[in-house]
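Residue numbers (this note's numbering): 304 to 746.
For glycine and all other residues, C-beta sits at the position ideal for the given N, C-alpha and C.
Written out below as structure tokens is the structure these notes cover.
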């Protein structure tokens, strides 16, 4: 696969940012028309992506697909008829999955249905109630503090009805049936980093993979509502995924330009974990690693007991760990083209490393005679062996059981150098690729 550095990083970053800007106003949730509209937009970016609809009530492990939720309008009027809270101005104002309401209430009763953040008084919080029938509004704490006593008209023109859960999927076959999973979610309303950065970077990776005609591995790229969408998807595809997945990444919170983060799989040392650690060290220098005990996204589902897929999460600032998380301050100013491109490059390097990570076995008993193959100086003198030390170290550890990533770390050489040297040794007949099922390195 082509791993040359993008000639214009700014163009790629700006492209992803433009997708986020287009999708930002939509009122996504775990179901509904704006989630569907988001998937159709992504489908235009990824020709071949299939959209699926799973009917309300469909069982999925311990869950079932909920009713579909849609909103036409939502607001609160004061006694003068002024909209003191208006969902049309910001869709975070309405608690997700609020039931229909049209009634007059006192301020005291209204307060029990309001949500704000005293510790962040100028931010609107993001609040949902997916599986409990209720209603509510969110507002800044400053706005809440100045609501005068009196009566208020509450109107929520929403609908909960038999419908479906929507998700998108694109399967990219390679030379091998061994498969890499890329999973991201499409279920939050106007949140730029926690929501839209993941689909934007995943779509860009998908376009890069589509343009690569010599894929060694196969790729499964999915856009699902978080939690329930991953559970539904697994319930329909688990056997294939168990048989084929050698590594996977949940792509979320990849839009800011702060730190890089890795949340490992439950096992902590799968192929996905090892590759991400190596790449983030090389790409970012420093990154923050979190254990599976600090999980919070769909790695919870992919790594759960009985499913046990080798899936980690690669992020910039981890969810729950940046101050704008799940508030109106997670907006188009928080994500940057540079931050998006950095995450794209980190994940692209992970995929390239997975593509090139192979097991080799030395074909010669004892050290081979390198000079007759043009791989060693014909005259031996002090220092002459240093130029071919990488060849010799590779051969010394090429036992057919150790993958190239582990081998590169063992001998202290960059992975890219080991890839190049291994190719030369294989061309000279001194290495052969092991036929060991690489899925054994996934766990």
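When the Cα of residue i is compared with those of the options, which residue comes out closest?
i, options, result
"residue 456", "379, 446 and 372", "379"
"residue 527", "561, 558, 737 and 339", "339"
"residue 747", "576, 581 and 620", "In this structure the chain extends from 304 to 746, so residue 747 is not present and cannot be described."
"residue 660", "642, 481, 595 and 437", "481"
"residue 705", "602, 663 and 718", "663"
"residue 417", "407, 397, 426 and 435", "397"
"residue 318", "643, 730 and 724", "643"
"residue 358", "348, 369 and 349", "369"
"residue 262", "493, 487 and 337", "Outside the shown range of the chain (304 to 746) lies residue 262, about which nothing can therefore be said."
"residue 493", "542, 364 and 324", "324"
Check whether the Cβ of residue i sits closer than 7 Å to any heavy atom of the ligand FMN, and report yes or no.
i, result
"residue 724", "In the structure shown, the ligand FMN is absent, as is every other ligand, since no ligand is present at all."
Between the alpha carbons of residue i and residue j, how many angstroms are there, rounded?
i, j, result
"residue 341", "residue 703", "46 Å"
"residue 316", "residue 639", "8 Å"
"residue 512", "residue 720", "23 Å"
"residue 522", "residue 651", "13 Å"
"residue 420", "residue 334", "27 Å"
"residue 408", "residue 443", "20 Å"
"residue 309", "residue 441", "Confidence at residue 309 is low in this model, with a pLDDT of 48, below 50, so the placement of that residue should be treated as unreliable; the coordinate-derived value is given next. Taking the straight line joining both Cα atoms gives about 42 Å."
"residue 346", "residue 354", "8 Å"
"residue 425", "residue 515", "46 Å"
"residue 729", "residue 697", "11 Å"
"residue 628", "residue 618", "13 Å"
"residue 307", "residue 385", "Because the pLDDT at residue 307 is just 47, under 50, the model does not fix this residue reliably, and the point stays unresolved."
How is residue i classed by DSSP in three states: helix, strand or coil?
i, result
"residue 310", "Residue confidence is low: residue 310 scores 42 on pLDDT, short of 50, so the model does not pin down where it sits. Its coordinate-derived value is still stated next. Residue 310: coil per DSSP, three-state reduction."
"residue 333", "coil"
"residue 570", "coil"
"residue 541", "helix"
"residue 315", "helix"
"residue 406", "strand"
Run the CB neighbour count on residue i, radius 10 Å, all protein chains shown included, and call it buried at 16 or more, exposed below.
i, result
"residue 449", "exposed"
"residue 447", "buried"
"residue 623", "exposed"
"residue 674", "exposed"
"residue 621", "buried"
"residue 471", "buried"
"residue 501", "buried"
"residue 626", "exposed"
"residue 572", "exposed"
"residue 505", "buried"
"residue 437", "exposed"
"residue 631", "buried"
"residue 636", "exposed"
Can you name the start and end residues of the alpha helix (DSSP H) that residue i belongs to?
i, result
"residue 713", "707–714"
"residue 444", "444–448"
"residue 604", "602–605"
"residue 505", "500–513"
Need the endpoints of the beta strand (DSSP E) that residue i sits in, please.
i, result
"residue 378", "371–380"
"residue 452", "That residue, residue 452, is in no beta strand (DSSP E); it is neither H nor E in DSSP."
"residue 358", "353–358"
Could you check whether the Cβ of residue i sits closer than 8 Å to any Cβ belonging to chain B?
i, result
"residue 707", "Protein chain content of the structure displayed is limited to a single chain, and chain B is not contained in it."
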